[in-house]
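Here's the structure we're looking at; comments come further down.
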Amino acid sequence: MDFDDVLNECLERVLHGETIDQCLSRFPQYADKLKPLLDTWLQVKKAVTVDPRPEFRANARLQFQAALNASESKPKVGFLDWLKQPQWAAVTAFALLIVLGTTTAALANGSMPDQALYPVKLAVETIQISLTPSAESRGELYARFLERRIEEITRMAEENKPDKILLVTARLNSMVSAIASLTTATLENDTSKSAAPQETAIPATTPSQASPVPAPTAPTVAPPPGQNQNGFAATSPPMVGATDAPVATANATLPFSAEPGNVATLPEANETTSPSTVAMLNAAAANLARLRDLLASAPESESPALQNAITAAENTYAALLKYLAGK
Amino acid sequence: MSQTELSVQEEEGLVRRAKEGDKHAFSRLYETHFDRIYRYVVFKTGDRIEAEDMTQQVFLKAYQSLSGFNLKGTPISSWFFRIAHNLIVDNLRKKTKQEENQVMSFDETVIAGGEDPQTAVELSLDVESLSAASRLLTDAQQEVISLRFAGDMPIAEVARIMGKSEGAVKALQHAAIAALRKTLQVEQ
Chain A
-14 MDFDDVLNEC LERVLHGETI DQCLSRFPQY ADKLKPLLDT WLQVKKAVTV DPRPEFRANA
46 RLQFQAALNA SESKPKVGFL DWLKQPQWAA VTAFALLIVL GTTTAALANG SMPDQALYPV
106 KLAVETIQIS LTPSAESRGE LYARFLERRI EEITRMAEEN KPDKILLVTA RLNSMVSAIA
166 SLTTATLEND TSKSAAPQET AIPATTPSQA SPVPAPTAPT VAPPPGQNQN GFAATSPPMV
226 GATDAPVATA NATLPFSAEP GNVATLPEAN ETTSPSTVAM LNAAAANLAR LRDLLASAPE
286 SESPALQNAI TAAENTYAAL LKYLAGK
Chain B
-11 MSQTELSVQE EEGLVRRAKE GDKHAFSRLY ETHFDRIYRY VVFKTGDRIE AEDMTQQVFL
49 KAYQSLSGFN LKGTPISSWF FRIAHNLIVD NLRKKTKQEE NQVMSFDETV IAGGEDPQTA
109 VELSLDVESL SAASRLLTDA QQEVISLRFA GDMPIAEVAR IMGKSEGAVK ALQHAAIAAL
169 RKTLQVEQ
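Taken in order, these protein sequences are the chains called A and B.
Residue 68 in our numbering sits at position 83 of the first sequence, and the numbers go up by one each step.
Residue 146 in our numbering sits at position 158 of the second sequence, and the numbers go up by one each step.
Quick look at the structure:
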């Protein structure tokens, strides 16, 4: 047994309840070398043993269950199911916009999260954002879409559909990031050149479905560039040295907190506040009050989802107000 | 939420049922591995808020791709960690601004207190500082620490994921702890 084995043996033993001194007594010939390493390891182990915040754990479980439940309605691939698939929703939306014009788009725009055309509605919005060149116009669109989301949350709350509320909440959280990017672009005076910030594509069923997952089976052939043979993406460039430190997100620089998961504080109007900001503040006050009224009378099964939705709406208003302030 | 709640047989049974569409089975896997994945991501990113979002993404992606998961003796936790790892790498690649600032602030924090061993002993090591310190390790050392200590993964599983022998992983573990000790200047 060489020293690496001895060290590992001691780590395992301490992990399972033995004290460091007990382990040192097993390997007295290595005690001097073992002790500092075990002390360091104990500190490391203590530092990494962080528990998720209870509220995060509860909300994550709720959202995950909602995603599981929503996925149950997808085994049959009929026409409506086909429409619900995110990769086809955008195509459908674009085709509807081009071929059928505003009538069908208007039908989709009136749909609710529990209806088949809702993914089309979201896709139409994404396309509208993409096709809107100026940051100012995109800000106005986001404000309009926020009103829609609040209407949807209200309707889903009235119909006691917490999983659909979570779906809308995920869309709102995505909107916060998109607006923050818009704000950053505006502040950098580069709005005409910057690409339109995109909301994360939120399909009809889950709050987050980004890049595809690598094949889970252990490959038997040489790994592709950037991955080791077990499918782990290579870490060399991003994981070492000064270039891979976590960075602040764009909205971390906002004077109003707009991070999903945190509660934003909306500013108060004064005599120097612009008319558009005053209008936004008034809308925020009215809509948030409406949602809080719903929360007060919501059944217990719906309260966590509704509370999340209110927080997301507050954050979205905060991001929009920040955007207006920076114009 | 602990990995010790499930035996290998129980876990394999749950994976089979989950692949057949049993959402309760997958929920059980979620509950069992949630904390481990969260700790792994916190350690790798050094950012608890970011880790919350990524941890959720890991399980959603896993569920969406479950039909492609092939048991064949591979613990599903290895797959969860792989998804987490790749998400983290993807995320880091997308970041283009302010990357050097946080490493600098770590250096200033740790090294400033490091001249005096007693001061270093009293340094309260949190996961964010540890995460930053670990970036001074090699990739392989960092991955061993992440999987082994944050992810609570046994040597054999770490070896399988990293494509190395158990002996090599033990050597990396030794080197990583020694390097961290030197970096953190813990004198006890």
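Glycine included, C-beta positions come from ideal geometry on N, C-alpha and C.
(request) For Thr4(A), count neighbouring Cβ atoms within 10 angstroms of its own Cβ and tell me buried if that reaches 16, exposed if not. (result) It is exposed - the Cβ of Thr4(A) has fewer than 16 other Cβ atoms within 10 Å.
(request) Would you verify that the beta carbon of Ala152(B) is, or is not, closer than 7 Å to some beta carbon of chain A? (result) Here residue 152(B) is Lys; the residue named in the question, Ala, does not match the sequence. Chain A, which has no Cβ nearer than 7 Å to the Cβ of Lys152(B), makes this no.
(request) Could you list which residues in chain A have their beta carbon closer than 7 Å to that of Arg169(B), in chain order? (result) Identification of chain A residues near Arg169(B) by a Cβ-Cβ cut-off of 7 Å yields Pro21, Leu22, Thr25, ordered along the chain.
(message) Measuring only the C-alpha atoms, how far is Lys146(A) from Leu135(B)?
(response) 39 Å
(request) If I'm right that Thr301(A) touches Leu152(A) with Cβ under 8 Å, what's the distance once you round it to whole angstroms? (result) Going by Cβ atoms, the distance from Thr301(A) to Leu152(A) rounds to 15 Å, so no, they are not a contact pair.
(request) State yes or no: is the beta carbon of Lys106(A) nearer than 7 Å to at least one beta carbon in chain B? (result) It does not; no Cβ of chain B falls within 7 Å.
(message) Given a cut-off of 7 Å on the beta-carbon distance, is the pair Asp148(A) and Ala294(A) in contact?
(response) no
(request) Identify each residue in the segment 15 to 29 of chain B for which the Cβ-Cβ distance to at least one residue of chain A is less than 9 Å, and report them in chain order. (result) Residues Ser15, Tyr18, Glu19, Phe22, Asp23, Tyr26, Arg27, Tyr28.
(request) Would you mind telling me which residues of chain B sit closer than 7 Å to Asn(-7)(A), beta carbon to beta carbon, in chain order? (result) Ile143, Lys158, Gln161
(request) Report the residue from Asp99(A), Leu102(A), Phe130(A), Met97(A) whose alpha carbon sits nearest the alpha carbon of Gln113(A). (result) Phe130(A)
(request) For Val33(A), return the contacting residues in chain B, with the cut-off set at a CB-CB distance below 7 Å. (result) Identification of chain B residues near Val33(A) by a Cβ-Cβ cut-off of 7 Å yields Arg27, Phe31, Val115, Leu118, Phe137, Ala138, ordered along the chain.
(request) Helix, strand or coil for Val35(A), going by three-state DSSP, please let me know. (result) coil
(message) Between Ala156(B) and Gln129(B), how many whole angstroms is the CB-CB distance? I'm expecting something under 8 Å.
(response) At roughly 11 Å, the Cβ-Cβ gap does not stay under 8 Å, so Ala156(B) and Gln129(B) are not in contact.
(request) Could you tell me whether any Cβ in chain B is nearer than 7 Å to the Cβ of Phe12(A)? (result) No, Phe12(A) lies away from the interface with chain B (no Cβ there is under 7 Å from its Cβ).
(request) Please compile the residues from chain B whose C-beta is within a distance smaller than 8 Å of the C-beta of Asp(-11)(A). (result) The contacting residues are Gly155, Lys158, Ala159, Gln161, His162.
(request) Can you say whether Pro118(A) is buried or exposed, counting buried as having 16 or more other CB atoms within 10 angstroms of its CB? (result) exposed
(message) Quick check on DSSP: helix, strand or coil for Phe57(B)?
(response) coil
(request) Going by CA-CA distance only, name the one from Arg133(A), Leu47(A), Asp(-13)(A) that's closest to Pro39(A). (result) Leu47(A)
(message) With three or more beta-carbon pairs closer than 8 Å as the criterion, would you say the segment 40 to 54 of chain B touches the segment 147 to 155 of chain B?
(response) no
(request) Would you kindly work out how many angstroms separate the C-alpha atoms of Ala128(A) and Leu48(B), rounded to a whole number? (result) Across the structure, Ala128(A) and Leu48(B) are spaced so that their CA atoms are roughly 29 Å apart.
(message) For a cutoff of 7 Å on Cβ pairs, would you count Leu53(A) as touching chain B?
(response) yes
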